[in-house]
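For what it's worth, the numbering used here labels the leading residue of the sequence shown as 20, then goes sequentially.
Right, one structure below, let's go through it.
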Amino acid sequence: MPPPTTMPAWKSAWDAALYGPGGFFRTQSPAAHFRTSVHASPLFAAALVGLVRRTGLETVVDIGAGRGELLCQIQALEPSLNLLGVEVAPRPDGLDPAVGWTSALPESVDGLVVANEWLDNVPCHVVEVDPSGTVRVVHVDPATGEESLGAALDDRSVPRSLSAWCEAWWPMDRAEPGTRAEVGTSRDVAWADVVRRVGRGVAVAVDYGHTRASRPPFGTLRCYRDGREVDVVPDGSRDVTAHVAVDSVASRAGGEVLRQREALHRLGVSAQRPDLALATRDPHGYVAELSLATQAGELVAERGLGDFSWMVSAHPSLRDRIWT
Ligand SMILES: C[S@@+](CC[C@H](N)C(=O)[O-])C[C@H]1O[C@@H](n2cnc3c(N)ncnc32)[C@H](O)[C@@H]1O
């Protein structure tokens, strides 16, 4: 039995580092530190506007809205929509007054709810197999990132939901010492809480992740700052992220999972380069189409944004209209 650790469990340290007083996301703009689909191309916003038009929805809520970049792009394409950003950071300077901004989830939404790269930033417990084969909760020193192992996963002090989740979604029996898992309960609960608020609408979470067939044996906990990967230390000076167990999230909320390249393809985003003959007929048109195809290429790239998962839950009356 290891000595009781005085360090916080990863989930608490992570939460304080990102969202505590002075936490990373309370002061830092995500775009200053990493590039998401929103920053890669306005085609991402255009695809979501396409989804809104197909379903006849009139409201878009962006959860984890950063500095409102996605909402601004959507507004430029479809100014009549009601737009709301949900974000722990304050309302960005200069945001159009017609765009709403809040730190609390709305009680109910009839419309499209989108959460791009939000769930990977929802803190979760981390567990690891110790040298004797026991799965234990991992604790961390917020100042140094030094880790220690705490209570066994089946200890009475650890919520039973953690071991139940691991059994169902990330089994660790007979795993080698050092094998880790990021326990998805908090992500499942967070997204299910969003989806239950959506009435006549569609909820789309987009994130990097894995499924039961492809869990990473040593976990995916990472930190980023200024566009670079840095040491994993939950000290408030850097982003802390881990991939999402997308199958578990979708199952809990009741929804389907598909890759971003497939979702964007169904929404009409094409990375096909224009016919060279167009270059002679209409050089400006050719350059414009080539630029769009290049942008689309980044959004659907293998081993890139195209591998992201879309977790989609829709009101029964809209399910057949999303992709047609
Ligand atoms: C990785 S950034 C993504 C920003 C943006 N969606 C994009 O794609 O560029 C995650 C954002 O989610 C916000 N966030 C995290 N948890 C939140 C919560 N519970 N409520 C509101 N915003 C949250 C963070 O402050 C951060 O701005």
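Built from N, CA and C at the ideal position, the CB exists for glycine as well.
Where does residue i fall in DSSP's three states?
i, result
"GLY325", "helix"
"ILE93", "helix"
"VAL331", "strand"
"PHE261", "Strictly speaking, residue 261 in this sequence is Ala, with Phe absent from that position. Coil."
"HIS144", "coil"
"ALA320", "coil"
"ALA266", "Rather than Ala, the amino acid found at residue 266 in this sequence is Asp. Helix at ASP266."
"GLU186", "helix"
"HIS303", "helix"
"VAL57", "helix"
"ARG241", "strand"
Output the boundary residues of the beta strand (DSSP E) element that contains residue i.
i, result
"ALA224", "221–226"
"LEU131", "131–135"
"ARG155", "154–159"
"GLU166", "166–171"
"LEU103", "101–105"
"ASP34", "Unbroken run through ASP34 is the alpha helix (DSSP H), 29–38; no beta strand (DSSP E)."
"THR121", "118–121"
"GLU201", "199–201"
"ARG292", "No beta strand (DSSP E) contains ARG292, which DSSP labels as neither H nor E."
"ALA78", "For clarity, residue 78 is Thr in the given sequence; the question names Ala instead. Unbroken beta strand (DSSP E) run through THR78: 78–82."
Alpha helix (DSSP H) containing residue i: first to last residue?
i, result
"VAL252", "Premise fails: VAL252 is in no alpha helix (DSSP H) and is neither H nor E."
"ARG280", "279–285"
"GLY69", "61–74"
"ASP212", "204–214"
"ARG45", "43–46"
Would you grab the beta carbon distance between residue i and residue j for me? Rounded to a whole angstrom, and I think it's under 8 Å.
i, j, result
"LEU344", "PRO293", "Because the chain is modelled from 20 through 343, residue 344 falls outside the range shown and cannot be assessed."
"VAL263", "ASP226", "5 Å"
"VAL259", "THR230", "The pair is not a contact, with the Cβ atoms about 23 Å apart (cut-off 8 Å)."
"ASP81", "GLY104", "5 Å"
"ARG257", "PHE43", "6 Å"
"LEU337", "GLY69", "The Cβ separation is near 14 Å, so there is no contact."
With a threshold of 8 Å between beta carbons, is residue i in contact with chain C?
i, result
"VAL132", "The chain inventory of the structure shown lacks chain C, comprising one protein chain alone."
message = Between the segment 223–238 and the segment 291–306, can you find at least three pairs of beta-carbon atoms closer than 8 Å?
response = no
key: the segment 323–332 touching the segment 272–280, judged by at least three CB pairs closer than 8 Å   = yes
ask   = Looking at C-beta atoms only, is the number of pairs between the segment 92–109 and the segment 59–76 that lie closer than 8 Å three or more?
value = yes
ask   = Hey, is the segment 48–63 in contact with the segment 310–326, meaning 3+ C-beta pairs nearer than 8 Å?
value = yes
inquiry  = With three or more beta-carbon pairs closer than 8 Å as the criterion, would you say the segment 28–41 touches the segment 121–135?
reply    = no
key: Stretch-stretch touch, CB-based, cutoff 8 Å, three pairs: the segment 116–130 with the segment 142–149   = no
ask   = Can you find at least 3 beta carbon pairs, one from the segment 200–215 and one from the segment 268–275, that sit closer than 8 Å?
value = yes
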